[in-house]
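Let me begin by presenting the structure, written as structure tokens, before commenting on it.
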Amino acid sequence: MPASTIKLHVSHTYRVPPAVVYDAWLNPEIARRFLFATDDGHVIRADIDPHVGGRFFVVDRRPTGDAFHQGVFLELKRPQRMVFSFSVEEHDHNCDRVEIDIEPLGGGSRLTLTHEMCAEWAEHEEKTRRGWAHVVEGLGRELEQQQLKPTG
72 MPASTIKLHV SHTYRVPPAV VYDAWLNPEI ARRFLFATDD GHVIRADIDP HVGGRFFVVD
132 RRPTGDAFHQ GVFLELKRPQ RMVFSFSVEE HDHNCDRVEI DIEPLGGGSR LTLTHEMCAE
192 WAEHEEKTRR GWAHVVEGLG RELEQQQLKP TG
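Quick note on numbering: this note's numbering labels position 45 of the sequence shown as 116, and the sequence is numbered without any gaps.
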């Protein structure tokens, strides 16, 4: 990454083991319910090809129009780490890198997301941080609902 980047961090704890968090992030059926989903939008497409060099493409249909999120997986080490490039179609800067580290924490886990973005997008830093916080909180809600579902 060039020296002219900004790193922002978001963390969240979950009551499930790291492997459950990791697998949920890469499962298109689960990811469509939290990954880049906004409160007033609806994810209409979530394609995830979870291998190094594989791509993801998520489309959230919002009242203001469709939002496109895409990237390429650069590193996948189940259950503790994933790294991917990240871009939003309307911003073709291809400078963003996202690292997700998941560590065991008692019977649960802690996810720490680091987003490295071009310094030219500094005015969007807080909005980006809030967006990722919404994503990791949404994952938490999804995992809680999965735990509450009856088995059998």
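Every residue gets a Cβ at the ideal spot worked out from N, C-alpha and C, and that includes glycine. The structure displayed is predicted, hence computed values, not measured ones.
Whole angstroms are fine: how far does the CA of Asp-131 sit from the CA of Glu-182?
Note on identity: in this sequence residue 182 is Leu, with Glu being the wrong assignment. Straight-line Cα distance between these residues: approximately 23 Å.
Tell me the DSSP bridge mates of Phe-155?
Phe-144 and Val-169
Tell me, please, which residues DSSP counts as bridged to Leu-184.
Val-81 and Ile-171
Quick one: is Ala-190 buried, meaning 16 or more other Cβ sit within 10 Å of its Cβ, or exposed?
exposed
May I ask you to list the residues that DSSP assigns as paired with Arg-133?
Gly-136
Could you tell me if Ala-193 is buried or exposed, where buried requires 16 or more neighbouring beta carbons within 10 angstroms of its beta carbon?
exposed
Would you call the segment 83-91 in contact with the segment 174-188, where contact means no fewer than 3 C-beta pairs closer than 8 Å?
yes
What does the alpha-carbon distance come out to for the pair His-80 and Val-159?
19 Å
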